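So the protein lines, in turn, are chains X and Z. Residue numbers for the first sequence, in my numbering: 3 to 341. Residue numbers for the second sequence, in my numbering: 3 to 341. Virtual Cβ for every residue (Gly too), placed ideally from N, Cα, C. All values reported here derive from a predicted model rather than from experimental measurement.
Number of protein chains: 2
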Amino acid sequence: MGLTLEDIARQAGVSRSTVSRVVNGQPNVKENVRKRVQKVIQATGYHPNAAARMLVSQRSWTIGLVIPRTVNYFFRDPFFNYLTEGIAQACNQNNYTLAFFLIGNKEDEEKTFPRVSRRGLLDGIILQSGQLGDPLFDRLVASNIPLVIAGRPFHAEGVSYIDVDNVSAAVMAVNHLIGLGYQRIGAISGPFNNIVTQDRRDGYIKALVNANMPIEEALISEGDYTEQGGYHAMQRLLPQKPRAVFAFSDVMAVGAIRAVRDAGLRVPEDVAFIGFDDLPMDSIQSYQLTTIRQPVIQFGMKAVEMLIDLVQNGEKPARRLIMGTELIIRSTCGASLKK
Amino acid sequence: MGLTLEDIARQAGVSRSTVSRVVNGQPNVKENVRKRVQKVIQATGYHPNAAARMLVSQRSWTIGLVIPRTVNYFFRDPFFNYLTEGIAQACNQNNYTLAFFLIGNKEDEEKTFPRVSRRGLLDGIILQSGQLGDPLFDRLVASNIPLVIAGRPFHAEGVSYIDVDNVSAAVMAVNHLIGLGYQRIGAISGPFNNIVTQDRRDGYIKALVNANMPIEEALISEGDYTEQGGYHAMQRLLPQKPRAVFAFSDVMAVGAIRAVRDAGLRVPEDVAFIGFDDLPMDSIQSYQLTTIRQPVIQFGMKAVEMLIDLVQNGEKPARRLIMGTELIIRSTCGASLKK
DNA sequence: GTGAAAGCGCTAACAG
DNA sequence: CTGTTAGCGCTTTCAC
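As structure tokens, then:
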């Protein structure tokens, strides 16, 4: 351990530069010299020192993933597992290292922020955000380091982001229910201070309007993207006698279905359901949920690719990428009953 | 952007050395000079360059978390969320950066391994392992970088690790069932090639032996730490008519309980249950599971602290830390029926 | 207390 | 094609 270019150069009887060229696969090295150097590298198990390389090249080949726990679903929502998976995968493929920053509270933020924004450590940052007024968002934008927001931010001028087309996805979901002939279509939404929630709600309304169906506030029940939340939201919704429900997440759909069954009703015969996410979760599988599939892993990978683009080709103009979704028909929507 | 020590020094009318001392909070700087320098640093928003600091100090203040997906529960098991949370938290507190390596397949491994083991990038590594014959384990040990295994490894000579006392935990679980007077106590285990599984199984057997109860192979049913797996394992176990079951994870317990109910039996009146983990999961909450609580977040934090100890004080002798668990009594064990 | 100077290990002109 | 040289930005002796 502790080998340097110098050591390899000496052993191979060449100069540092030549070894450097070989290490970096550059041309302009005679084949037999290259072979000789490679042999020494092999034999010694030499690896170039990352810090030195970073310093001289002004590139760390590291990107940061910042997850504020205002997005406090980190614990519970497998969304983050898949997002992280996608990001990690893309980092691997592009030979980037992934630095992971989980920011819980204000104190964390103060301690961690300098590391995040310190030059030299990170080539760029992916921020998983979407919460209204996230203070991290402004600080990161101000810190002037290449930045990609995973999820459309509230103030999007000049910032690059990637998002799923939640509005269209919601329209697709509700259209599916409308197409099956259901009249009173309810929604179980997330917290309204959340941009994803707002988009899906917009889509829900848009689909109803397109179909000339009435919008009833009472048919929208606010959940919190947890199973419990879905259960209670459904309990509040039940008196409105919805014939079908669009739940803004599969997890909430499961909770809502439980509430329906506890009330002595059947799914989909009495209340039909469509969810959102389609992450392969153990606890959901048996429900045969009709749902909207988000390409979460792809989403993570694209975020990395966008960030690398920013790093290599400059941050202007800001990049945008909106990803599509897919309707997955299973049994809770009652489509099979109609045939 | 692009400020260097030199710039600050010039603006403050001192030398680089002095600025460096101020930045690093060293003594031997006159108070008024310190103030002056700090003011310039404030005003300019200067941050020292991480790469340069790494290079000269030979310390990256970065640790790597390596998760092989042989441990392919990453997707589905919230255990990793909590472990990661604990690790991230401890990194924050100690001013370390966390680099995250998710290694899926052989190809990933080949691509990523050089980055993991390259000197300069990482001060040390936490490996989440426990799978029999994990090739990463040997490579990492050989790479001679400070290493902590999260979970007791199969070959433990000379390597530092942290683990939960799974044997005692399982004894505690089964003793609880025995104490409630149950006779035929079954187990739903994980895959046998897994060291955690083996330990819990050993504990299960030990408790029965201590109580002079017979060991029946047929009462141990192999699951895979998923809900489905628990369901099917229970279906196979049901003909043995167990009066109580120790499931090696809460998720499997939930699947098993479903199987019991689908068979027209009641929990805990016909079959009592105790699980393992006690991670706060949405989909489990309503079951009121009696279980063994693992301190997963603590576990992650301790792993980081152990690694930092290794980095700072040398890797010899190897460190060991075995953490205790807690019995959480709720309703599935039937304890309340006995009163 | 403070500054000058050396050097961490590497890359990238620039000569030859 | 290959070697020499000059830094990247910082920490750290060592003088003063």
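Where the alpha helix (DSSP H) through residue i begins and ends
{"i": "glutamate 87 (chain X)", "result": "81-95"}
{"i": "arginine 141 (chain Z)", "result": "137-145"}
{"i": "glutamate 111 (chain Z)", "result": "108-119"}
{"i": "alanine 255 (chain X)", "result": "252-264"}
{"i": "isoleucine 10 (chain Z)", "result": "7-14"}
{"i": "threonine 20 (chain X)", "result": "18-25"}
{"i": "alanine 158 (chain X)", "result": "No alpha helix (DSSP H) contains alanine 158 (chain X), which DSSP labels as neither H nor E."}
{"i": "lysine 41 (chain Z)", "result": "33-46"}
Below-8 Å beta-carbon distance, residue i vs any chain Z residue
{"i": "alanine 246 (chain X)", "result": "no"}
{"i": "glutamate 229 (chain X)", "result": "yes"}
{"i": "aspartate 284 (chain X)", "result": "yes"}
{"i": "alanine 90 (chain X)", "result": "yes"}
{"i": "leucine 2 (chain X)", "result": "Absent from the structure is residue 2 (chain X), since the part of chain X shown begins at 3 and ends at 341."}
{"i": "histidine 49 (chain X)", "result": "yes"}
{"i": "serine 62 (chain X)", "result": "yes"}
{"i": "methionine 56 (chain X)", "result": "yes"}
{"i": "valine 253 (chain X)", "result": "yes"}
{"i": "phenylalanine 102 (chain X)", "result": "yes"}
{"i": "glutamate 87 (chain X)", "result": "yes"}
{"i": "valine 73 (chain X)", "result": "With a pLDDT of 46 at valine 73 (chain X), under the threshold of 50, the modelled position of this residue cannot be trusted; read the value that follows with caution. With 8 Å as the cut-off, valine 73 (chain X) does not count as an interface residue toward chain Z."}
{"i": "proline 116 (chain X)", "result": "yes"}
{"i": "glycine 205 (chain X)", "result": "no"}
{"i": "alanine 52 (chain X)", "result": "yes"}
{"i": "serine 22 (chain X)", "result": "no"}
Rounded straight-line distance, which links the Cα of residue j to that of residue i
{"i": "serine 247 (chain X)", "j": "serine 119 (chain X)", "result": "Residue 247 (chain X) is actually valine in this sequence, not serine. C-alpha separation (whole angstroms): 44 Å."}
{"i": "alanine 305 (chain Z)", "j": "alanine 92 (chain Z)", "result": "9 Å"}
{"i": "valine 262 (chain Z)", "j": "proline 244 (chain Z)", "result": "11 Å"}
{"i": "leucine 85 (chain Z)", "j": "arginine 71 (chain X)", "result": "15 Å"}
{"i": "glutamate 109 (chain Z)", "j": "histidine 49 (chain Z)", "result": "37 Å"}
{"i": "leucine 124 (chain X)", "j": "aspartate 201 (chain X)", "result": "32 Å"}
{"i": "isoleucine 197 (chain Z)", "j": "glycine 277 (chain Z)", "result": "18 Å"}
{"i": "alanine 258 (chain Z)", "j": "alanine 172 (chain X)", "result": "35 Å"}
{"i": "threonine 334 (chain X)", "j": "proline 137 (chain X)", "result": "40 Å"}
{"i": "glutamine 13 (chain X)", "j": "methionine 283 (chain Z)", "result": "58 Å"}
{"i": "valine 42 (chain Z)", "j": "glycine 4 (chain Z)", "result": "15 Å"}
{"i": "alanine 53 (chain X)", "j": "arginine 55 (chain Z)", "result": "8 Å"}
{"i": "leucine 142 (chain X)", "j": "threonine 327 (chain Z)", "result": "40 Å"}
{"i": "aspartate 311 (chain Z)", "j": "glycine 126 (chain Z)", "result": "10 Å"}
{"i": "alanine 274 (chain Z)", "j": "isoleucine 324 (chain Z)", "result": "29 Å"}
{"i": "valine 73 (chain Z)", "j": "glutamine 130 (chain Z)", "result": "Confidence at valine 73 (chain Z) is low in this model, with a pLDDT of 47, below 50, so its placement is unreliable and no value can be given for it."}
{"i": "arginine 268 (chain Z)", "j": "leucine 339 (chain Z)", "result": "13 Å"}
{"i": "glutamate 111 (chain X)", "j": "glycine 88 (chain Z)", "result": "16 Å"}
{"i": "glycine 181 (chain X)", "j": "glycine 66 (chain X)", "result": "44 Å"}
{"i": "methionine 308 (chain X)", "j": "proline 116 (chain Z)", "result": "25 Å"}
{"i": "histidine 234 (chain X)", "j": "alanine 255 (chain X)", "result": "11 Å"}
Unbroken beta strand (DSSP E) run spanning residue i, endpoints
{"i": "serine 170 (chain X)", "result": "Unbroken run through serine 170 (chain X) is the alpha helix (DSSP H), 168-181; no beta strand (DSSP E)."}
{"i": "alanine 101 (chain X)", "result": "99-105"}
{"i": "leucine 129 (chain X)", "result": "126-130"}
{"i": "isoleucine 65 (chain Z)", "result": "64-70"}
Residue-chain proximity (residue i, chain X), Cβ-Cβ < 8 Å
{"i": "aspartate 110 (chain Z)", "result": "yes"}
{"i": "phenylalanine 278 (chain Z)", "result": "no"}
{"i": "leucine 339 (chain Z)", "result": "no"}
{"i": "valine 39 (chain Z)", "result": "no"}
{"i": "alanine 220 (chain Z)", "result": "no"}
{"i": "glycine 192 (chain Z)", "result": "no"}
{"i": "glutamine 287 (chain Z)", "result": "yes"}
{"i": "proline 155 (chain Z)", "result": "no"}
{"i": "threonine 99 (chain Z)", "result": "yes"}
{"i": "lysine 113 (chain Z)", "result": "yes"}
{"i": "glycine 225 (chain Z)", "result": "no"}
{"i": "leucine 123 (chain Z)", "result": "yes"}
Strand pairing of residue i, partner residues [DSSP]
{"i": "aspartate 165 (chain X)", "result": "X:Ile324"}
{"i": "arginine 295 (chain X)", "result": "X:Asp279 and X:Glu328"}
{"i": "serine 223 (chain X)", "result": "X:Ile190"}
{"i": "leucine 149 (chain Z)", "result": "Z:Ile127"}
{"i": "valine 247 (chain X)", "result": "X:Gly188 and X:Phe275"}
- Between the segment 281-289 of chain Z and the segment 224-235 of chain X, do three or more beta carbon pairs fall short of 8 Å? Yes: the two stretches touch, three or more of their Cβ pairs being nearer than 8 Å.
- Message: Across the segment 97-107 of chain X and the segment 87-102 of chain Z, are there enough close Cβ pairs to call them in contact, namely three or more that are closer than 8 Å?
- Response: Three or more beta-carbon pairs drawn from the segment 97-107 of chain X and the segment 87-102 of chain Z are found closer than 8 Å, and the two stretches are therefore classed as touching.
- Item | Segment contact, 8 Å Cβ cut-off, at least three pairs: the segment 35-47 of chain X with the segment 16-25 of chain X | The answer is yes - the segment 16-25 of chain X touches the segment 35-47 of chain X, with three or more Cβ pairs under 8 Å.
- Item | At least three beta-carbon pairs within less than 8 Å, the segment 156-163 of chain Z to the segment 214-223 of chain Z | These segments do not touch.
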